[in-house]
Every structure is written in C-alpha cells, then in structure tokens.
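Participant: Below is a structure I'd like to ask you about.
Pasting the structure below:
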C-alpha cells in the first residue's frame, strides 16, 4: 500500500513539469514577444531590448524554461503587466468568491446527484426513474451559463426573490454572502448533478445485480438496509472518481458563471487579463488551477485506499 | 442491418438523430432560412419584441435575432465538426504512436497527462489569450483540449490490439509497421473514437458558446450563439427573447448530440451501455 502511495505521489512530478512547461509555451504562442507587450505601444526599440535583457528573454529558450521552473518552485509567478503588482497577490485577493462558489456547487451537485441516482436505480424502469433521467439529460444539455441566465430571469427579474447579480464578500455577513451565492451555486451545481446522477444510477444498477444483494434480500433484510448499507457503499466508488472530474468542470464553470453573475473572482480576473493581454496573470491563474486540480485528483485516488480495501492489496 | 434496427428501436436515439439532422440542415441552408442578413441593422426596431417581421425579436442595434440564431447554428456546426476532426487526427496520431512504439509512449502520455491537468475551458481560455479571437483559433484551442482525450482512448485500444494473434501473425509474415498500424490496428480502434466523437462535438459546441459568451471566442460581429447570449445578457430585463431563443437552440442542439451519441454507443459498444462517459468535460 505504501508503494502505491509513493508511486502515486511520484507520478505527480512529471505532470507538474508538463503543466509548468505548457504554461511557459502559452505565453510564447502570442504574436510578438512578451517584452514588447509589457513595454506597451509607445516603447522604443531600446526600451524593449533593455526589458528583454532584464526579463532574461535574450537567453536561449531551454535556459529560460529551466529558470521558469526554478521560479515556480519558489512560488514566484511574476508581476502583472496591467495591475503592476505580483500575480500571486492579485490571485489571492480574488480567490474567496471562486472557492466558495466551487464548494457550494460541489455540495449541490453531490446532494442532488447521488440521491437522484440512488432513487432512480431503486425504482428502475418506473416513471420515477424515467423522469429523473429525463431531467438528468436536460441537465447534460444545458450550458451552465444559460441556466444561470434563466435563473436570473425567473428568480431575479420576474419573481424578485434573489439579487440578479453581484457578490457580497464574507466580511459583509454570512447570510448576505450566502444569498449572493445561491443562484450561481445552483446554476453550476445542478448542471453537474446530472452527470453524478447518471453515474450513481448505473453503478447502483450493477451492484444491485450482485449475489450478495440477493443474499441480503433473501435473509430478510429490509430494502432500506440493502440499498443504503450494502449497495450504496459499493456503488459510490465510481461516483468518487467523477468527483475529481466534477471539480475540474466546476472550476471551469465557475469562471463562466462569475461573468454571468458579475462575481469578482478568479474567472473575472482571468477574462479581464485575457482582454488586456496581461499574460503573466493568465499564466498564473491557469497554473494555479491546474495544480489544484492535480492535487484534488491525488486526494481522490488516495481516498479510494481508505474506502475500498480491494485497491490496497493490488 | 440488425444494428440499425437496434438503433431505430430506441426512440431517444431516433429523436437525437432527427435533432442532429435538423441542425445540419439549418446550418447548410442558413442564408435561405434566415431570410435577412444577420448583420443588417433595423435601427427603428431596436430591442423589438418577436413579431411577424422579426420572429425572434431584434437586439440592441436592431439586428434580426432569428437570422443571428440560424447563422449561429451554422457556426456551431462548423466549430463542432472541425474540432472533432482535429481531435481525431491529433488523438489517433498520438494514440497509435504511443500504443505501438512503447519507447515513445512514456513521453507522449506524460505530455497528454499534463494537458489534461488543465480543466478544458481554462486551457481553451489560456490558448485564446495567446492566439487572439477568431473562428479558426477557437477551433484550434478546443482541438488541443480534446486531443488528449482521444489519444488516451486510442492508446488503450492499441495496447490490447497489438497483443492479439492476428497482429502477431502479421508481424511474423514480415509486414512493415506502417502497414500493420494502418490496416490491422487502426480499423479496430475506430468505433470507441467515433462514439467519443459525438460527445466531443457536443462539448465543442458548448465550448464555443462559452468562450464567445465570455468575450474571448469568435469576434463579436460574427453571429454565434455565445455572442447572441452575451449581448442579450445586458438586456435580460427588457428583451428576454434574446436569451430564451438562442438558449433553446443550444439546448436542442446539445440534447440531439447527446441522445445520438448515447444511441451510437449502444450500437457500437454495448459494454458501455448506460454509462455516460466523462464527455462533458468542456
């Protein structure tokens, strides 16, 4: 088991290196060299040359790449061109809404998706199952930003129950903060719950065909015990796998949803950086998200070990 | 023929095929169906309600929303189709090379892992930042996002196929690598790729809409579902039709592709029946 954990940890290293390299290449795909972008449209040739030297852009690409790895290892993401301050600082400032939004959406996705999948499997091929799965199909077919817009239209504009947009930070009070996140989290979470519901349902159906379920039923266990204690425990593993993917989809979705609801998070930061050609910020946000995603996947894999003893002995 | 009957028996798959076909027809005949130019301004009728003249109403500068949604269908089909083809070409190349030549496998797959460590839309946004807004760049950016997903599937199949006795027999007969890969391995790993293709198509349509909605996709003057929704967002209260109609178009399109893909998967790969893959990684 220890071997497995160590091997899994070591596998992260090449991924990180590639992630760092890809983000290095990204900035160099842009037309023109980074120095002239940083220097701005009014810079002279001399200015640009000086900037190139000070940024190390006059060195060979492999040298630059190795230096970039070294800087990253020290947690130095460089300075924002537009904001004139360290990228990492700008990121930390914008992290709260994105983190909260992702967490709440994850909660919605799991709290809706897992029960829907279980109920669907329990009442397999009935109207309940079919209507739940029809909903899931709609969920898979609606883009999260569209659901967000529709929710604003119904609950914000027509019914006036919730604020149409905007964000109240945690400092502004827990309730107001929560209120500003209800619609965004629902828009994002409900769309994701569709995938979770479908996976939970199909893995429940597989498990319910197993011998030990039949054994449990024939020794007179109540249906509730069979479903929740025996079946769900075994069926939850594929669902756990999708949690890693769900996280990626939620973070990606958060970036889009923040635009819909005017939430000043990482999504707004990266989009405004793209529009202003502020490459270090784009690079920093992208890198940070990729690292977080890699870490979450690692945690999910390690969580299997805790949950499924069969994997421990592989 | 038996397979076709299996497909036709599933009503949802047929509905999906009909929706996809409808979408393709609309895309092909866009200028005819739209009637008016999607760029034509009718300044007197800014933000007009849906009427007999403007079926879906007009936007903030008086352009006909029906025409823009219809032309948006064309754009999303072009983007979806091109991204699918691009990811096939890239994914098959990488997957076949990695699966067949074990020495290259490690490097190629680590690179693919690295690309997959970025959530899809984030990688696409970052690529768009460097490439700049255009239709071709949207296709390239989304293509790069989906190459690793195809490559992984292909590589998995190749690893199994290369150990089969018919490949061994071919090798024993002295047939060259290129011929073995092209004639014996490639045809046998195509069907899971095709199934994945419909989901990539759907994800690319969603991806284009999301990128354009965010303002980093196709340039704003080009009629795209994402652009129409993005412009309509500012007028949600006065002109909800600018959100409702293009929204319905996106949903019908994605729903069709998902249903069609589910049907195709049941047809080509019965083992996966009932499992919706991680296809929605947009």
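Chains as they are written, first to last, in my numbering: chain R, 24 to 337; chain E, 15 to 296.
Glycine included, each C-beta is placed from N, C-alpha and C at the ideal position.
(1) I want to verify the contact list: residues of chain E whose CB lies under 7 Å from the CB of residue 235 of chain R, in sequence order.
(2) Return the bridge partner residues of residue 72 of chain E from the DSSP annotation.
(3) So residue 272 of chain R is in the alpha helix (DSSP H); what residue range does that whole segment cover?
(4) Residues of chain E with CB closer than 9 Å to the CB of residue 125 of chain R, please, in chain order.
(5) So does the stretch 305-323 of chain R actually touch the stretch 127-147 of chain E, counting three or more Cβ pairs closer than 8 Å?
(6) Helix, strand or coil: which one does DSSP assign to residue 102 of chain R?
(7) Residues of chain E with a CB under 9 Å from the CB of residue 302 of chain R: which are they?
(8) Residue 17 of chain R bridges to which residues according to DSSP?
(9) Return the CA-CA distance between residue 292 of chain E and residue 72 of chain R, expressed in angstroms with no decimal places.
(10) Roughly how many angstroms lie between the CA atoms of residue 89 of chain E and residue 69 of chain R, to the nearest whole one?
(11) Any C-beta of chain E sitting closer than 8 Å to the C-beta of residue 317 of chain R?
(12) Could you tell me which uninterrupted alpha helix (DSSP H) segments, each at least 4 residues in length, are contained entirely in the stretch 30-99 of chain R, listed from first to last along the chain?
(13) Across the stretch 263-275 of chain R and the stretch 205-221 of chain R, are there enough close Cβ pairs to call them in contact, namely three or more that are closer than 8 Å?
(14) Residue 177 of chain R: which of R:303, R:151, R:210 sits nearest, CA to CA?
(15) Using DSSP with H/G/I as helix, E/B as strand and the rest coil, what is residue 24 of chain R?
(16) What does residue 294 of chain R touch in chain E if you count any residue whose Cβ is under 8 Å from its own?
(17) Shortest alpha-carbon distance to residue 285 of chain R belongs to which of R:117, R:332, R:224?
(18) Helix, strand or coil, according to DSSP, for residue 245 of chain R in the structure here?
(19) Under 8 Å, with one C-beta from each stretch per pair, do the stretch 79-97 of chain E and the stretch 153-161 of chain E reach the 3-pair mark?
(20) Between the Cα of residue 142 of chain E and the Cα atoms of R:40, R:25, R:280, R:49, which residue gives the shortest distance?
(21) Is residue 236 of chain E closer than 8 Å to residue 93 of chain E when the C-beta atoms are compared?
(22) Quick one: what does DSSP say residue 251 of chain E is sitting in, helix, strand or coil?
(23) Could you compute how far the alpha carbon of residue 149 of chain R sits from the alpha carbon of residue 143 of chain R?
(24) Which bits of chain R does residue 134 of chain E rub up against, with CB to CB less than 7 Å?
(25) How far does the alpha helix (DSSP H) with residue 215 of chain E in it extend, from its first residue to its last?
(26) Since residue 76 of chain E meets chain R, which of its residues come closer than 8 Å, beta carbon to beta carbon?
Facilitator: Taking the structure as given:
(1) Those within 7 Å of residue 235 of chain R in chain E number zero; the least Cβ separation is about 21 Å.
(2) E:78, per the DSSP bridge assignment.
(3) 255-284
(4) Per Cβ cutoff of 9 Å: no residues; residue 125 of chain R is ~11 Å from chain E at best.
(5) yes
(6) Residue state, collapsed to three classes: strand.
(7) 143, 144
(8) Residue 17 of chain R lies beyond the range of chain R shown here (24 to 337); nothing can be said about it.
(9) Any reading at residue 292 of chain E must be qualified, since the residue scores a pLDDT of 35, below 50, and its modelled position is unreliable; the value itself is stated next. When rounded, the distance between both Cα atoms is 47 Å.
(10) 44 Å
(11) Yes, its Cβ sits closer than 8 Å to a Cβ of chain E.
(12) Taking only runs of at least 4 residues, the alpha helix (DSSP H) segments lying wholly in the stretch 30-99 of chain R are 57-62, 68-78, 84-96.
(13) yes
(14) R:210
(15) coil
(16) 139, 228, 229, 230
(17) R:117
(18) coil
(19) Flag = yes, the stretch 79-97 of chain E and the stretch 153-161 of chain E touch.
(20) R:49
(21) no
(22) coil
(23) 8 Å
(24) Neighbourhood of residue 134 of chain E in chain R, by CB distance below 7 Å: 275, in chain order.
(25) 204-228
(26) Per Cβ cutoff of 8 Å: no residues; residue 76 of chain E is ~22 Å from chain R at best.
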